[in-house]
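Undergrad: Protein chains in written order, with this note's numbering: chain A, 155 to 453; chain B, 155 to 453.
Here a beta-carbon is modelled for each residue, glycine too, at the ideal position from N, C-alpha and C.
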């Protein structure tokens with residue numbers, strides 16, 4: 155699994171930071187969180203491919219988090235994308251997408267579905283779930299967690315043979331977690347499977363102030379990408395605009411038992427993110443500051 | 155006067171070319187032609203300033219020519235722009251701007267007017283006129299000409315004194331082109347003014363196939379920035395999509411007596427624009443291929 159940072163600037167782009175866009179790439183699929191302006195340019199630079207299985211989760215309807223959808227959808231069409239694309243986000247997102255497709259005269263070559271979400275599980279398949287929670291921002295906003303399902307342990311064929319399970323569909327049943335009946339009695343999955351590998355839990359805050367709800371929502375994340383728009387000295391601005399300081403991000407991450415914290419959405423008023431990092435590292439032991447085009451490979 | 159190329163790619167951005175955006179800067183004012191995605195990033199890189207007197211002319215409602223308006227307007231608001239902004243373009247542009255301002259929850263700090271245009275003079279002041287013409291594209295599209303007024307020649311104070319024109323308001327009248335009556339008889343402007351300097355004429359094609367109408371419209375341009383999406387070998391694609399080849403751009407420029415031709419809107423299928431340049435230079439003696447962030451200072 156890779157965690158990819160396509161845009162790490164807050165509100166306004168700078169010469170070195172684009173607007174919010176983060177992707178999780180896993181098993182050849184892309185799950186994108188927000189699509190700020192020029193997301194397609196970073197997407198292109200990172201070589202992610204226009205016809206990948208893909209889902210897009212939008213945190214809120216501020217321009218710096220969603221206007222990049224338009225160019226992304228248009229370029230995918232020009233690249234003859236055929237795979238359907240699911241987009242999730244707050245009410246109003248569907249109007250944004252459909253109205254602009256009409257006004258801008260473009261014809262998607264693929265099916266686009268836009269689903270308004272509420273807190274809870276918004277998508278699940280055999281491999282992972284995506285959860286949403288209310289964030290605390292100046293307009294309706296959501297945070298997301300991608301929770302992978304635990305990976306089944308290695309199937310021990312010798313043990314299975316020794317226990318008298320014949321090669322065939324029963325092996326699959328055991329691998330899928332079901333006990334099977336053989337001529338020699340019942341065999342349970344744990345008798346033939348190695349230790350399972352816990353699925354990764356990745357949190358994406360979007361724009362938000364810290365909140366008790368998010369504290370709970372992000373509990374136990376392996377990686378949490380959190381709003382760190384401001385430094386301590388601009389704390390009051392963070393409060394007023396419903397964003398977070400790097401210190402607040404680290405405090406929440408620590409309280410939630412987050413293993414690794416990634417700061418993002420830096421205000422364009424700061425020259426760089428070194429001070430955000432310093433302030434957060436005083437509180438949490440594992441913090442990095444995201445930069446555009448940063449790739450983290452999670453093993 | 156400076157001619158600034160903020161984005162020179164056609165339809166899709168590449169790693170080195172952004173989407174259509176060209177600015178004329180004159181006397182501290184910006185006249186922008188199209189605002190493709192990420193126009194604000196190039197605008198920032200070129201250091202043009204968020205509170206300049208400004209007009210924006212949109213050629214047509216394809217996303218690669220106008221979605222950048224949204225981020226531009228939003229960032230200007232965050233930069234507390236106060237000066238009004240006039241936007242001109244095809245019918246539908248007003249809906250695009252106003253609908254997105256509503257959906258994206260942003261509050262402009264300045265007055266935005268959006269005026270639907272038809273061919274003819276769409277704006278004029280004491281210094282220049284902006285003319286529009288129908289272009290020949292797959293949807294309603296316009297081309298533009300910025301025509302500066304001729305600059306009055308140098309006022310010769312010695313000659314004025316010798317002719318008995320007293321210092322004062324009569325000097326202004328002569329400079330503005332009016333004859334004045336003095337105690338010694340009538341004095342005509344040409345008696346006291348040096349040769350006038352012809353205003354520059356700059357053409358911007360937007361996306362278009364060549365047409366007799368544009369041939370006439372761009373007559374005598376000092377600089378013409380023209381659609382050169384394709385090479386000769388993709389001539390049929392140019393015809394089918396209502397774009398131009400570099401050869402067609404040069405042929406039109408030559409027939410229109412254009413002094414200097416600037417090719418732009420290169421398709422992302424080509425590695426670079428060197429062949430466009432070669433093909434156009436076979437026909438027109440003064441051609442350059444625009445690159446992102448290119449500045450031309452016109453004297």
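#1: Give the single residue among A:347, A:409, A:399 whose Cα lies nearest to the Cα of residue 366 of chain A.
#2: Which whole runs of the alpha helix (DSSP H) in the segment 367-415 of chain B are 4 residues long or more, in chain order?
#3: Taking the Cβ atom as the reference point for each residue, do residue 279 of chain B and residue 236 of chain B lie within a distance shorter than 8 Å?
#4: On the three-pair Cβ rule with 8 Å, is the segment 341-349 of chain A touching the segment 301-316 of chain A?
#5: Is the beta carbon of residue 415 of chain B less than 8 Å from the beta carbon of residue 434 of chain B?
#6: Please go through the same chain and pick out, in chain order, the residues whose beta-carbon is closer than 6 Å to the beta-carbon of residue 266 of chain A, but skip the five residues on each side of it.
#7: Ordered along the chain, which non-local residues of its own chain (more than five positions away) have a Cβ less than 6 Å from that of residue 271 of chain B?
#8: Is residue 443 of chain B near the ligand GDP, with its Cβ less than 7 Å from a heavy atom?
#9: Under 8 Å Cβ-Cβ, which residues of chain B neighbour residue 217 of chain A?
#10: By the criterion of Cβ-Cβ separation under 8 Å, what are the contact partners of residue 232 of chain B in chain A?
#11: Using a Cβ cut-off of 8 Å (strictly closer), state whether residue 239 of chain B contacts chain A.
#12: Is residue 297 of chain B buried or exposed, if buried means 16 or more other CB atoms sit within 10 Å of its CB?
#13: Between A:364, A:176, A:430, A:319, which has its C-alpha nearest residue 396 of chain A's C-alpha?
#14: Mark residue 439 of chain B as exposed unless 16 or more other C-beta atoms lie within 10 angstroms of its C-beta, in which case mark it buried.
#15: Between the beta-carbon of residue 246 of chain B and the beta-carbon of residue 257 of chain A, is there less than 8 Å?
#16: For residue 319 of chain B, which three-state DSSP category applies?
#17: Residues of chain A with CB closer than 9 Å to the CB of residue 250 of chain B, please, in chain order.
#18: Could you please give the first and the last residue of the uninterrupted alpha helix (DSSP H) stretch that includes residue 257 of chain A?
#19: Starting from the C-beta of residue 459 of chain A, find all residues in its chain whose C-beta is less than 7 Å away, skip the five residues before and the five after it, and write them out in chain order.
#20: Which partner residues does residue 424 of chain B have in the DSSP bridge list?
#21: What does residue 270 of chain B pair with, by DSSP beta-bridge criteria?
#22: Whole angstroms is fine: what's the gap from residue 315 of chain A's alpha carbon to residue 338 of chain A's?
#23: Which residues share a DSSP beta bridge with residue 302 of chain B?
#24: Using a cut-off of 7 Å between C-beta atoms, extract the partners of residue 191 of chain A located in chain B.
#25: Would the segment 368-387 of chain B count as touching the segment 350-357 of chain B if we require 3 or more Cβ pairs under 8 Å?
#26: How about residue 446 of chain B and residue 196 of chain B: do their beta carbons lie closer than 8 Å?
#27: Output needed for residue 405 of chain A: all residues of its chain with C-beta closer than 6 Å, excluding positions within five of it in sequence on either side, in chain order.
#28: For the segment 346-370 of chain B, which residues have a CB atom closer than 8 Å to at least one CB atom of chain A, in sequence order?
#29: The alpha helix (DSSP H) spanning residue 226 of chain A covers which residue range?
#30: So, with DSSP's three-state summary, where would you put residue 447 of chain A?
#31: Tell me, please, whether the segment 177-192 of chain A touches the segment 202-217 of chain A by the rule of three or more beta-carbon pairs shorter than 8 Å.
#32: Rounded to whole angstroms, what is the Cα-Cα separation between residue 281 of chain B and residue 181 of chain B?
#33: Checking the sheet assignment: what are the DSSP bridge partners for residue 351 of chain B?
#34: Hey, quick one: how far does the beta strand (DSSP E) through residue 452 of chain A stretch, first residue to last?
#35: Should residue 368 of chain A and residue 289 of chain A be called a contact, given that it needs their Cβ atoms to be closer than 8 Å?
#36: Please list the partners that residue 447 of chain B has in chain A, where partner means a Cβ-to-Cβ separation under 7 Å.
TA: According to the structure data:
#1: Taking the first chain and counting its residues from 1, one reaches residue 366 of chain A at position 212. Out of A:347, A:409, A:399, A:409 has the C-alpha closest to the C-alpha of residue 366 of chain A.
#2: Listed in chain order, the complete alpha helix (DSSP H) runs (minimum 4 residues) inside the segment 367-415 of chain B are 389-395, 400-409.
#3: Translated into positions along the second chain, residue 279 of chain B becomes position 125. Translated into positions along the second chain, residue 236 of chain B becomes position 82. No; because the gap between Cβ atoms is not below 8 Å, this pair is not in contact.
#4: With the cut-off at 8 Å, the segment 341-349 of chain A and the segment 301-316 of chain A touch.
#5: Your numbering for residue 415 of chain B matches position 261 in the second chain. Your numbering for residue 434 of chain B matches position 280 in the second chain. Result yes, Cβ atoms of residue 415 of chain B and residue 434 of chain B sit closer than 8 Å.
#6: Position 112 of the first chain, counting from 1, holds the residue named residue 266 of chain A. Correct list, in chain order: 239.
#7: For the purposes of this step, residue 271 of chain B is taken as the residue at position 117 of the second chain. Around residue 271 of chain B: 242, 286.
#8: No copy of the ligand GDP occurs in the structure displayed, which carries no ligand at all.
#9: The residue given as residue 217 of chain A occupies position 63 in the first chain. Chain B residues near residue 217 of chain A: 224, 225, 228, 254, 258, 260.
#10: Looking up residue 232 of chain B in the second chain gives position 78. Within chain A, the residues near residue 232 of chain B are 165, 166.
#11: To locate residue 239 of chain B, count along the second chain from 1; it is residue 85. By this cut-off, residue 239 of chain B is not an interface position.
#12: For the purposes of this step, residue 297 of chain B is taken as residue 143 along the second chain, with counting starting at 1. Under this definition residue 297 of chain B is a buried residue.
#13: Reading the first chain from its first residue, position 242 is the one you call residue 396 of chain A. For residue 396 of chain A, the closest C-alpha among the options A:364, A:176, A:430, A:319 is that of A:364.
#14: Along the second chain, read from residue 1 onward, the residue named residue 439 of chain B stands at position 285. Residue 439 of chain B should be labelled exposed.
#15: Residue 246 of chain B sits at position 92 when you count from the first residue of the second chain. Residue 257 of chain A sits at position 103 when you count from the first residue of the first chain. Yes, the Cβ-Cβ distance between residue 246 of chain B and residue 257 of chain A is below 8 Å.
#16: Taking the first residue of the second chain as 1, we reach residue 319 of chain B at position 165. For residue 319 of chain B, the secondary structure class from DSSP, reduced to helix, strand or coil, is coil.
#17: Against the second chain, residue 250 of chain B aligns to sequence position 96. 253, 254, 257, 258, listed in chain order.
#18: Locating residue 257 of chain A in the first chain gives position 103, counting from the first residue. Residues 247-257.
#19: The first residue shown for chain A is 155 and the last is 453, placing residue 459 of chain A beyond what the model contains.
#20: Taking the second chain and counting its residues from 1, the one referred to as residue 424 of chain B is at position 270. Under DSSP, residue 424 of chain B forms no beta bridge with any residue.
#21: The sequence position of residue 270 of chain B within the second chain is 116, counting from 1. Its beta-bridge partners are B:243.
#22: Start at 1 with the first residue of the first chain, and residue 315 of chain A comes out as number 161. Start at 1 with the first residue of the first chain, and residue 338 of chain A comes out as number 184. So the alpha carbons of these two residues sit roughly 11 Å apart.
#23: The residue given as residue 302 of chain B occupies position 148 in the second chain. Residue 302 of chain B is bridged to B:282.
#24: Indexing the first chain from 1 puts residue 191 of chain A at position 37. By Cβ distance, chain B contributes 191, 192, 225.
#25: yes
#26: Here residue 446 of chain B refers to the residue found at position 292 when the second chain is read from its first residue. Here residue 196 of chain B refers to the residue found at position 42 when the second chain is read from its first residue. Contact flag set, yes.
#27: Position 251 of the first chain, counted from the start, is the residue given in the question as residue 405 of chain A. Same-chain partners within the cutoff: 437.
#28: none
#29: Here residue 226 of chain A refers to the residue found at position 72 of the first chain. Residue 226 of chain A -> alpha helix (DSSP H) spans 222-232.
#30: Within the first chain, numbered from 1, the residue matching residue 447 of chain A stands at position 293. It is coil, neither helix nor strand.
#31: yes
#32: For the purposes of this step, residue 281 of chain B is identified with residue 127 of the second chain, where counting begins at 1. For the purposes of this step, residue 181 of chain B is identified with residue 27 of the second chain, where counting begins at 1. The alpha-carbon separation between residue 281 of chain B and residue 181 of chain B amounts to approximately 10 Å.
#33: As a working mapping, residue 351 of chain B is identified with position 197 in the second chain. The partner list for residue 351 of chain B (beta bridge, DSSP) reads B:305.
#34: Taking the first chain and counting its residues from 1, the one referred to as residue 452 of chain A is at position 298. No beta strand (DSSP E) holds residue 452 of chain A; DSSP gives it neither H nor E.
#35: For this step, residue 368 of chain A is matched to residue 214 along the first chain. For this step, residue 289 of chain A is matched to residue 135 along the first chain. Yes, Cβ-Cβ distance for residue 368 of chain A and residue 289 of chain A is below 8 Å.
#36: Position 293 of the second chain, counted from the start, is the residue given in the question as residue 447 of chain B. Under the 7 Å cutoff, chain A gives no residues; its nearest Cβ is about 11 Å from residue 447 of chain B.
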